[in-house]
Each structure stands twice: as structure tokens, then as C-alpha cells.
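Working notes, structure below.
Residue numbers (our numbering): 1 to 61.
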């Protein structure tokens, strides 16, 4: 099947339409995930804009 790992999403995050967050991802408080992004094994510890396929940090707030 696939990897089994927790997904952690902080408070006050915005997640755009059709965004996919896969196992092992950790998103801190205040992050924005752009529409149509695929977040895989990304660990973020500062509020930021995340986007792309695969997703990466675009801008730190």
C-alpha cells in the first residue's frame, strides 16, 4: 500500500482546494498550503507559504 506515518497540522492553517497532504508531513501553526499542492514528507517549523508538486516552502512569514 504505502507508508503509514502521522500527519500533523497546526492551528490556524489554510489549506487550498485539491491540496493533498501525505503521510509523514508536519505543518506548524499559521502555514498556508496552496491549491493543488502535494505535500509529502515535509516538516515545517515556521509559518510559511507552501506550494507545488512536490510542495516546498515558497515564502516564510
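C-beta: ideal position from N, C-alpha, C; glycine also.
In the structure shown, the three-state DSSP call for residue 13 is coil. Distance between residue 28 and residue 9, taken at the CA atoms: about 6 Å. Using a 10 angstroms sphere on the CB of residue 51, the tally of other CB atoms reaches 16 or more, which defines it as buried.
Its chain contains 14, 49 as the residues whose beta carbon lies nearer than 6 Å to that of residue 32, once the 5 sequence neighbours on both sides are disregarded; these appear in chain order. The Cβ atoms of residue 39 and residue 25 lie closer than 8 Å to each other.
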